[in-house]
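Sequential numbering of the sequence shown, starting at 997, is according to the numbering used here.
Working notes, beginning with the structure itself.
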Amino acid sequence: MREGSFPATRLRRLRQNANLRELVRETHLNASQLILPLFIRHGSGIKQPIASMPGHFQWSVDRLADEIHTLSRLGIRSVILFGIPAQKDPFGKDAYSDSGIIQTAIPVIKEAAPSLIVISDVCFCEYTDHGHCGVVASHDSRGNVDNDQTLALLAKQAVSHARAGTDVIAPSGNMDGMVQAIRQALDEAGFQNLPILSYAVKYASAMYGPFRQAAEGAPKFGDRRTYQMNSANVEEAIRECALDIAEGADMLMVKPAHTYLDVICRVKQAYPGLPLAAYHTSGEFAMLKAAAEKGWLDERHGVIEILTAIRRAGADMIITYYAKEAAQWLASSDV
Ligand code: PBG
Ligand code: ZN
997 MREGSFPATR LRRLRQNANL RELVRETHLN ASQLILPLFI RHGSGIKQPI ASMPGHFQWS
1057 VDRLADEIHT LSRLGIRSVI LFGIPAQKDP FGKDAYSDSG IIQTAIPVIK EAAPSLIVIS
1117 DVCFCEYTDH GHCGVVASHD SRGNVDNDQT LALLAKQAVS HARAGTDVIA PSGNMDGMVQ
1177 AIRQALDEAG FQNLPILSYA VKYASAMYGP FRQAAEGAPK FGDRRTYQMN SANVEEAIRE
1237 CALDIAEGAD MLMVKPAHTY LDVICRVKQA YPGLPLAAYH TSGEFAMLKA AAEKGWLDER
1297 HGVIEILTAI RRAGADMIIT YYAKEAAQWL ASSDV
């Protein structure tokens, strides 16, 4: 296309009023594209505020139904679940127990809102006493997770979530072969139609700090750099995606989101046919909340701008702690 030149061309002509601007909008942000994370713990009557994540709570299962009804009213159609077990141990047994926290919560959520999409995060860091995302040899002090031993446990966890009635399995532990192991186990258990949303491109990031407090899953020693990706790399992200697609991933994810828009864009261009999620993480949420609380930026406009940018980069859906507020802002006309 050849651009005309001034004065024949004036780009401000199409910016003159709100309806005209909406008519020529390229990127749309809807509540139906937002996925809200929920933290669930054992016990009863609990709605425990998470200090570093204002407006977010650890819920006990008996308190969930009210919250789920609120989400439905706001137009939120998907949630992703994280569980805090009653007991942690080296193998994270609560994660694959049929009476585990997630397995208990899923039927309650599905009963409160049968059409709400329940996505289950599948990982071990919330469940292990050492806080790593899989099995760690007892002599290891760096957190070098045993990949292949972890695969069998991830498969068990995924199948137990499937039996509890989850709608999507989302493995987040960055183990090699995790999608294949889970796909095979689901198929063998009769869940051929249960989709996998792979955290295919997950970086070792400082942006997970508040989450680790919320989910009580910070590593007790070492860090996650032997399994999560180096934030310096993007070519490797494409390889991660290729492998996960070959293993049977139905949807891909990039995480974090705001500082990885280039990665989102590259992945979407490389695999335009696969639905792509982006995780606007706890740290990204906390930065905005803190600045907003200080009055240093306009929260509403800032959040809508950032979520729209994540969509513009190529994400089809966004996991965000702002889902509730954004849904309300989007429902009122002046965002
Ligand atoms: C667990 C998991 C983490 C997040 C989602 N799943 C934490 C981590 O890898 O340390 C982070 C989410 C967030 O920060 O909002 N594997
Ligand atoms: Zn983990």
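Glycine is no exception: its CB is placed at the ideal position from the N, C-alpha and C atoms.
Everything numeric in this text was worked out from a predicted model, so none of it was measured.
Taking residue i as part of the beta strand (DSSP E), name the residues at either end of that continuous run.
i, result
"S1074", "1074-1080"
"R1037", "1030-1037"
"A1274", "1272-1276"
"T1255", "Premise fails: T1255 is in no beta strand (DSSP E) and is neither H nor E."
"P1045", "1043-1045"
"F1053", "1053-1056"
"V1114", "1113-1118"
Can we count residue i as close to the ligand PBG, meaning its CB is less than 6 Å from some heavy atom?
i, result
"Y1204", "yes"
"T1124", "no"
"K1278", "The amino acid occupying residue 1278 in the given sequence is Ser; Lys does not appear at that position. The answer is yes for S1278."
"F1035", "no"
"F1207", "yes"
Quick check: what's the CA-CA separation for residue i versus residue j?
i, j, result
"F1187", "A1158", "7 Å"
"A1061", "F1002", "59 Å"
"P1252", "R1008", "34 Å"
"I1260", "Y1199", "12 Å"
"Q1044", "F1207", "14 Å"
"S1134", "H1297", "49 Å"
"A1311", "E1232", "19 Å"
"H1038", "S1074", "22 Å"
"A1014", "A1327", "16 Å"
"G1079", "T1066", "20 Å"
"T1100", "S1194", "23 Å"
"I1076", "E1321", "17 Å"
"D1219", "K1290", "32 Å"
"L1270", "D1240", "11 Å"
"C1121", "L1070", "31 Å"
"N1140", "H1128", "9 Å"
By Cβ distance below 6 Å, which residues in the same chain neighbour residue i in space, the five residues on each side in sequence not counted?
i, result
"R1307", "T1023, L1025"
"V1131", "D1142, Q1145, T1146"
"A1274", "V1250, A1253, I1260, I1306, A1311, I1314"
"M1225", "Y1199"
Suppose the cutoff is 7 Å on Cβ atoms and the five residues either side in sequence are ignored; what does the same chain contact list for residue i look like?
i, result
"Y1317", "P1033, M1049, H1052, S1278, F1281"
"V1104", "V1057, L1060, A1061"
"S1040", "S1056, D1058"
"A1319", "L1030, I1031, L1032, I1072"
Could you pull out every residue in the same chain whose Cβ sits closer than 8 Å to the Cβ of residue i, ignoring the five residues on either side in sequence?
i, result
"D1125", "K1084, D1085, P1086, K1216"
"H1254", "H1276, E1280, I1302, A1305, I1306"
"I1036", "Q1054, W1055, S1056, V1057, L1060, L1077, F1078, G1079, I1080, I1097, I1098, A1101"
"I1300", "L1025, A1322, W1325, L1326, V1331"
Just to confirm, does residue i get its C-beta within under 6 Å of one of the non-hydrogen atoms of the ligand ZN?
i, result
"G1139", "no"
"G1169", "yes"
"C1237", "no"
"C1261", "no"
Span of the alpha helix (DSSP H) holding residue i?
i, result
"D1062", "1060-1070"
"I1102", "1097-1108"
"D1240", "1231-1243"
Compute every distance between the C-beta of residue i and the non-hydrogen atoms of the ligand COA, then say whether any falls below 6 Å.
i, result
"F1281", "Of the ligands one can find in the structure shown, namely the ligand PBG and the ligand ZN, none is the ligand COA."
Continuous alpha helix (DSSP H) assignments of at least 4 residues falling wholly in the stretch 1145-1193: 1174-1184
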